[in-house]
Every structure is written in C-alpha cells, then in structure tokens.
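Participant: Please read through the structure below; I'll follow up with questions.
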Amino acid sequence: MSNLPSEPEFEQALNELSESLKPFLSEHPEYAKAFEIVQIPERIVQFRVVWEDDSGKAQVNRGFRVQYNSALGPYKGGLRLHPSVNLSILKFLGFEQTFKNALTGLSMGGGKGGSDFNPKGKSDNEIRRFCNSFMAELSRHIGKDTDVPAGDIGTGGREVGFLFGAYRRARNEFAGILTGKGASWGGSHIRPEATGYGVIYYVEHMIKNSCPEFSLDKPSTRVAISGAGNVAQFTALKVIELGATVVSLSDSKGALISKSEKGFSKEVVEAIGELKLKGGYLESYQSFAPGGEYEYHADKRPWTLVENVQIALPSATQNEVSKEEAEALVKAGVRIVAEGSNMGCTAEAIDVFEATRKQGKGGVWYAPGKAANCGGVAVSGLEMSQNSQRLTWTPQEVDSKLKGIMTDCFNICLDAGKKFSGEDLSGDVLPSLLSGANVAGFIKVADAMKAQGEWW
Ligand code: NDP
C-alpha cells in the first residue's frame, strides 16, 4: 500500500500509460527505470492567492504550478481556473501534457497549473484583481525559457491578457511568458481555433485510414460533440465549414441536441460563443435559437441522446464518457472517438471502444487527447517561435503548419501502435492509437532524459 495521498485522476492517467507500456517494457526492460522516474514531477509550486472582491473583502484561493518535465524544452501547459482544481487533477494534466508535447515534435516540456478560483459569476474587476494576485507569485517561477503557461478551462483570452499585463508591469519586460495572447500584442493567429481545428485534422486521417465512406464534406456524416467552450466551439465550426453535421453540444448544466437534419448552424455556434463569454448557459438556448429545432436536456451529456452518429468528440472535461455512455455510442453507430478534452473518457469507456476495435472491421477507433488535441499546444509552440523572432506569421502559414503537425502526430501514433501494442493486427484490426501515442511520447521523453543524465 502506498503512503502517498490518493490522487484518483493522476492514478488513472498513470495506469493508462503503464498498461500501454507493458509490451514495450517487456522487450526493453532498461526503460523501466525511466518510467519510474518520469512519474514524479520535477517540481510543484503551491501558493495562496489573496484577492479583493467587489465589496472590498479579502478572498483566498489555492494556486498551483506543476512543472512536470523539462527534458524536451521549457515547461508548457495551461492554467485551469475551476473550483474542482486540486493537485490530483493538475498532476494528471501535467503528466499527460508531457507526452502530448513530445508528440508535437516541438521543443516543449510539460507542465500544468491553475487555481480553485471560480471565474463564474465574478465581475471583470474581480477577475482582474485575482489575476494580478495570482501572477504576483507565479511570476517568480515562469519565464520565456523556463515555463510558459497558456489557457485551459476558465482561462481564455481575457484572463491571459490580465495575467500577461500583471507580469509585464511587475518585471518591466515584454516577454513571451504566456501563450494565447491577443493577436496584436504577441499572440499567434489560429491559437484560439487550434485545438478544435487540430482535432478535426487528426480525425480526417482516422477517417481515411478506417472508414473512408464517412467524409467530413458529406452532411450524412454526423458528429456528436460535448462542451460549449473554446475546444467544442472551434471543433464544431470546422465540422460545419467542411460540410458534415454537428448534432450536439453541452455544458456543465445540460446537453443541447439538434432535431433537424441540418444540425447546428455556424450562426448558432457563434451565438453560443457570445453567450459563454458572458457566463451564460445552454439552458437559455431559446434566446439564440428560437424555432423548435433544438432540444435541451438538463443534467445530461449528449452520448445517450444521439442516434445515427459516426463520430464522437468529447470536448468538455475529464471522465465525461462513462462505460454505459460508451455502449450507447457504439449502439448509435459511432466508429471514431477522438478526445478534444484531456482524458475525456473513463478507463471503462476506453475498454468498451478498444474491445470493439480488437474485433476487426466495424469497430470503434479511439484516439486519446494527448494525440488528438495536441494542436492547441502545438500552435502555442509556434507562438513561442514567433515571439522569439518578433515576427507574426499569417493565419494561412500557421494553419498549414498545424495541419503538418497533426499529420505527423497521427503517423507517429499509427506506426508506434503497429510496432509496440503487442497485438495481432491481422484480419482488419486497426492499430491502437492509445498505445501508439503513449509509447511514442514516452520513448521521446525518456531518450532525452537519458541523454541528459537523468537515468542510466
Ligand atoms: P472552456 O472553459 O472554454 O470550456 C469548457 C467547457 O466544458 C464548458 O462548456 C464547460 O461548461 C464544460 N465543463 C467544464 N467542466 C465541466 C464539468 N465538470 N462537467 C461538465 N461540463 C464541464 O475550456 P476548453 O474548451 O479550453 O477546454 C475543454 C477541454 O479541452 C479541457 O479538458 C481542456 O483541458 C482541454 N484542452 C484545451 C485546450 C485549449 O487549447 N483550450 C488544449 C487541449 C486540451 P460551462 O460552460 O457550463 O462552464
């Protein structure tokens, strides 16, 4: 029995990697030491954040930065502002981020941070004062060549702006210490869109390699998406732009399902974006989508509510697909599941999908978040490159680099899945992208650590 505190989300992420690595480690036992070492973060910083609310009272929250691994470059990973934030969640996210960043091929280590501060219902002034206090401490631990945070749940363009300003004023230094900045002050074009667009670029490769009869330029290809934040919105907009049909979105209070053949329109997704900026919920859908084409289900996720769906893209938060929901998706006809969110599926849901894949033709092909959603951090990496050169690339340049990175990431996962899953791939069985992503990411990080004298 371990004497460490229970960290369920971190243990789940660790078990997933450990399972994937078994066949590789039995062939290469020398890497077992690297696996033992890579589990422990290089450093964790925890601090208090005291901020003033609108009535002049002192409020206090917990702040964290988990600096997981810097063998491949400066720590890189977002800041989550959500009341559920704790060390287990940030350790799981930082651990996943380390291998995800390796899969982008860019020079980035892994980290994650945030606070249990809840931005919901706070005024702009309260959020600004919180960000100033949070950065007063965080600024001691980050730097353009040390650790470069970005956004995540609850941290969007507004928060990145307040945090960046707090750092710049305190240090008298305009430096690329955060990504996701505004395009006119050091941000990269396509960063807001990057995670969602990247998921779709990855899914296009999955379609080509498994079920070319579903094409994203056909309205008959129906896509279920959860979430209504940054990742979900831009995933939906890319699907709509290409010509397929988005059948669902959701938020923390419920799911919105399209009843019409046409699915969600671009205008409705954009209206949801506006609503979310103001802190609203999908339950008020009649204000932006009158006319009876949508159905709202309180306290539900989309997965059991959709029919005749080929692709499912969890894009809200961790563990948002249960075993029963995975079974419902299989029944609804889903063939591709790719995570926009980090660890979007429970271990039991992944087991359901992977069991169908192992049966051969007609199974579900599952891609974990560390592969499918790496486009966001990849464009953050491109933002760092632009900041170093003091240049701004055009949206077309960034989008084309993003496509290239997603293609390379898919090929790396596919090849490693063929080589290292230990499975018999005869009879139309597709390689495991889960195992491919985990093993390929691990080897890259472990080899860099070995070369730098961190294990032997
Ligand atoms: P946002 O804060 O923009 O949106 C999050 C969405 O998920 C909101 O619709 C929110 O609902 C919903 N949500 C949050 N927590 C819960 C919960 N406990 N139960 C149900 N719904 C919930 O975040 P992002 O879109 O940026 O992030 C979504 C996921 O994608 C996260 O897992 C994140 O780690 C991951 N990710 C994000 C990247 C990025 O570039 N932003 C990059 C790679 C991964 P509500 O609106 O009601 O709050």
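For the sequence shown, our numbering begins at 286 and goes up steadily by one.
All C-beta atoms, glycine included, are put in the ideal place defined by N, C-alpha and C.
Computed from a predicted model, the values in this text were never measured in an experiment.
(1) Quick one: what's Ser569 bridged to in DSSP?
(2) Return the chain-ordered list of same chain residues with a C-beta closer than 8 Å to the C-beta of Glu633, the five sequence neighbours on each side being excluded.
(3) Does the contact criterion of 3 or more C-beta pairs under 8 Å hold for the segment 496 to 503 versus the segment 691 to 699?
(4) Taking one C-beta from the segment 359 to 370 and one from the segment 429 to 439 each time, how about it: are there three or more such pairs within less than 8 Å?
(5) By how many angstroms is the C-alpha of Pro404 removed from the C-alpha of Glu559?
(6) One question on the structure: do Ile621 and Trp588 come within less than 8 Å of each other, judged by their Cβ atoms?
(7) If you count every other CB in all the chains shown that lies within 10 Å of the CB of Phe295, and 16 or more means buried, which is it?
(8) Measuring only the C-alpha atoms, how far is Met286 from Ser711?
(9) Determine which residues share a DSSP beta bridge with Thr440 and list them.
(10) Report yes or no: do three or more beta-carbon pairs, one from the segment 336 to 356 and one from the segment 392 to 409, lie closer than 8 Å?
(11) For Gly721, which of helix, strand or coil comes out of DSSP?
(12) Beta-carbon separation of Val508 and Val532 under 8 Å?
(13) When DSSP labels each residue in this structure, what does His582 get in the three-state scheme?
(14) Apart from the five residues on each side of it in sequence, which residues of its chain come closer than 7 Å, Cβ to Cβ, to Val553?
(15) With a threshold of 7 Å, establish whether the CB of Thr742 neighbours any heavy atom of ligand 1.
(16) What are the partner residues of Ile596, as DSSP defines its beta bridges?
(17) Using only the alpha-carbon positions, how far apart do Leu378 and Phe459 sit?
(18) Anyone know if the C-beta pair for Asn386 and Gly398 falls short of 8 Å?
(19) Could you tell me whether the segment 654 to 674 touches the segment 463 to 480, using the rule of 3 or more Cβ pairs below 8 Å?
(20) Considering only the alpha carbon of each residue, which of Ala421, Leu423 and Gly358 lies closest to Met393?
(21) Between which two residues does the alpha helix (DSSP H) carrying Tyr487 extend?
(22) For the alpha helix (DSSP H) containing Arg413, list its first residue and its last residue.
(23) Along the alpha helix (DSSP H) that carries Asp636, what are the first and last residues, could you check?
(24) Can you check which of these residues, Pro314, Asn300 and Ile427, is closest to Lys361 by C-alpha distance?
(25) Does DSSP put Asn300 in a helix, a strand or coil?
(26) How long is the line joining the alpha carbons of Lys688 and Arg476, rounded to whole angstroms?
(27) Do you know how far the Cα of Val714 is from the Cα of Gly645?
(28) Following a CB-centred definition, is Lys538 positioned closer than 7 Å to any heavy atom of ligand 1?
(29) So which of Val619, Thr602 and Ser600 has the shortest CA-CA distance to Val594?
(30) Take Val516 and list the residues in its own chain whose beta-carbon comes closer than 6 Å to its own, dropping the five residues that flank it on each side.
(31) Report the rounded CA-to-CA distance for Leu598 versus Ser511, giving the unit in angstroms.
(32) Using a Cβ-based criterion (distance less than 7 Å to any ligand heavy atom), does Ala601 qualify as near ligand 1?
Facilitator: With the structure as the only source:
(1) Beta-bridge pairing links Ser569 to no other residue.
(2) Excluding residues within five positions, the ones whose Cβ falls inside 8 Å are Ser607, Lys608 and Ala611.
(3) With a cut-off of 8 Å on Cβ pairs, the segment 496 to 503 is not in contact with the segment 691 to 699, counting fewer than three such pairs.
(4) Contact between the segment 359 to 370 and the segment 429 to 439 is established, with three or more Cβ pairs separated by less than 8 Å.
(5) 16 Å
(6) no
(7) buried
(8) Any reading at Met286 must be qualified, since the residue scores a pLDDT of 49, below 50, and its modelled position is unreliable; the value itself is stated next. Spanning the alpha carbons of Met286 and Ser711 requires a straight line of approximately 40 Å.
(9) Asp437
(10) yes
(11) helix
(12) yes
(13) strand
(14) Phe573 and Ala574
(15) With the chain covering 286 to 741 only, the question about residue 742 has no answer from this structure.
(16) Answer is Val508 and Ile621, bridged to Ile596.
(17) So the alpha carbons of these two residues sit roughly 28 Å apart.
(18) Pairing Asn386 with Gly398 gives a Cβ-Cβ distance that is not under 8 Å.
(19) yes
(20) Gly358
(21) Arg476 to Ser495
(22) Asp409 to Leu423
(23) Ala632 to Lys643
(24) Checking every option, the nearest Cα to that of Lys361 belongs to Ile427.
(25) helix
(26) Approximately 13 Å, taken between the alpha carbons.
(27) 4 Å
(28) yes
(29) Val619
(30) Thr480, Gly481, Ser600 and Gly625
(31) 7 Å
(32) yes
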